[in-house]
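In the working numbering, the protein residues as written are 12 to 240. Backbone N, C-alpha and C define an ideal beta-carbon position, used for all residues, glycine too.
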Ligand SMILES: [Zn+2]
């Protein structure tokens with residue numbers, strides 16, 4: 012019945028792939044199967060001491076770290092990420108989160124993890140944007156893995172846009188930004204921190220440092236949807 016109604020809705024208002032614009036089948040969401048297949052995977056999770064793990068090793072404690080896609084300027088993925096963040100298409104984050112969750116879950120990446128926690132956004136920025144894209148990525152990951160999303164982190168300070176900053180400048184800009192709202196909830200637990208784009212690693216680094224200093228026995232998994240190379 013639901014499929015029949017979807018068919019009728021698609022006839023009048025066809026759902027199209029966010030990347031190539033083709034009409035989506037019933038079983039497809041946001042992207043067509045062909046576009047999902049062509050998204051540029053990093054396959055970092057298959058490599059011991061992958062580039063993301065090297066980035067954080069010796070700086071913050073973590074169990075695993077990865078970025079699932081490679082972000083390059085002017086790519087289709089970059090366009091989709093831009094839509095997700097700035098053009099009111101949070102569904103792109105939800106779907107990408109599902110894809111990442113399915114693929115990493117099959118590879119055992121989340122072994123030992125208990126919760127998923129999106130990188131928080133300051134309330135003022137969230138009010139202006141209307142949503143935090145990391146919440147949607149986390150929701151997609153949760154759907155694919157069955158791990159619950161835990162709203163345990165907050166951004167207590169807003170910070171300037173970091174696009175043109177170096178790692179040192181970003182770290183100074185982010186100092187004092189994050190706080191753990193409920194330390195008991197994550198004591199002795201495995202927490203997957205979820206970010207959207209990892210450029211210098213400053214955001215995950217600052218957040219992980221804050222958690223490690225507040226709740227030292229919380230095991231951290233650092234996961235970014237994509238990373239620049
Ligand atoms: Zn497509």
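Looking only at its own chain, which residues have a Cβ that is under 7 Å from the Cβ of residue 110, when we skip the five neighbours before and after it?
On the chain shown, residue 110 is found 99 positions in, with the first residue counted as 1. Only 47 meet the Cβ criterion.
Can you give me the Cβ contacts of residue 203 inside the same chain, cut-off strictly under 6 Å, excluding the 5 residues immediately before and after it?
On the chain shown, position 192 is the one that residue 203 refers to. Once the five neighbours on either side are set aside, the close Cβ partners of residue 203 are 124, 127, 232, 234.
Starting from the N-terminal side, write out each stretch of the beta strand (DSSP E) that is 3 residues or longer and does not extend beyond the segment 184-236.
You should have 189-191, 201-209.
By Cβ distance, which residues of its chain are closer than 7 Å to residue 163, with the 5 residues on each side in sequence left out?
Working through the chain shown from its first residue, we reach residue 163 at position 152. The residues are 128, 191, 192, 193, 196, 197.
Whole angstroms are fine: how far does the CA of residue 142 sit from the CA of residue 135?
Here residue 135 refers to the residue found at position 124 when the chain shown is read from its first residue. Here residue 142 refers to the residue found at position 131 when the chain shown is read from its first residue. Going by the C-alpha atoms only, they are around 11 Å apart.
Give the straight-line distance between the Cα atoms of residue 271 and residue 132, rounded to the nearest whole angstrom.
Since the first residue shown for the chain is 12 and the last is 240, residue 271 is missing from the structure and cannot be characterised.
Verify the contact flag: residue 30, CB atom, against every heavy atom of ligand 1, threshold strictly below 6 Å.
Along the chain shown, read from residue 1 onward, the residue named residue 30 stands at position 19. Answer for residue 30: yes, Cβ within range of ligand 1.
For a minimum of 3 consecutive residues, which ranges assigned as the beta strand (DSSP E) are wholly contained in the segment 40-96?
For the segment 40-96, whole beta strand (DSSP E) runs of length 3 or above, ordered along the chain, are 75-82.
Closer than 8 Å is the cut-off here; do at least three beta carbon pairs connect the segment 171-191 with the segment 149-156?
These segments do not touch.
Assuming the contact rule is C-beta atoms closer than 8 Å, residue 216 and residue 81 should be a hit. Round their C-beta distance to whole Å, please.
Indexing the chain shown from 1 puts residue 216 at position 205. Indexing the chain shown from 1 puts residue 81 at position 70. Contact doesn't hold; Cβ gap of about 20 Å is too wide.
Would you please verify whether the beta carbon of residue 168 is less than 7 Å from any beta carbon of chain C?
Of the protein chains in the structure, only one exists, and it is not chain C.
Rounding to the nearest angstrom, what Cα-Cα distance links residue 33 and residue 97 in this structure?
Here the question's residue 33 lines up with position 22 in the chain shown. Here the question's residue 97 lines up with position 86 in the chain shown. Going by the C-alpha atoms only, they are around 23 Å apart.
Between residue 107 and residue 148, which are expected to be in contact by the criterion C-beta below 8 Å, what is the C-beta distance as a whole number of angstroms?
In the chain shown, counting from the first residue as 1, residue 107 sits at position 96. In the chain shown, counting from the first residue as 1, residue 148 sits at position 137. Confirmed, about 6 Å.
With hydrogens ignored, establish whether the beta-carbon of residue 33 is closer than 6 Å to any heavy atom of ligand 1.
In the chain shown, counting from the first residue as 1, residue 33 sits at position 22. It does: the Cβ of residue 33 is within 6 Å (strictly closer) of some heavy atom of ligand 1.
Among residues of its own chain, excluding the 5 on either side of residue 130, which ones have a beta-carbon nearer than 7 Å to its beta-carbon?
As a first step, residue 130 is located in the chain shown; it is residue number 119 there, counting from the start. Closer than 7 Å at the Cβ level, and outside the excluded window around residue 130, lie 145, 204, 205, 206, 214, 218.
How long is the line joining the alpha carbons of residue 200 and residue 68, rounded to whole angstroms?
The residue given as residue 200 occupies position 189 in the chain shown. The residue given as residue 68 occupies position 57 in the chain shown. Near 20 Å, if we compare the C-alpha coordinates of residue 68 and residue 200.
Mark residue 118 as exposed unless 16 or more other C-beta atoms lie within 10 angstroms of its C-beta, in which case mark it buried.
Taking the chain shown and counting its residues from 1, the one referred to as residue 118 is at position 107. Counting Cβ neighbours within 10 Å, residue 118 comes out exposed, since fewer than 16 surround it.
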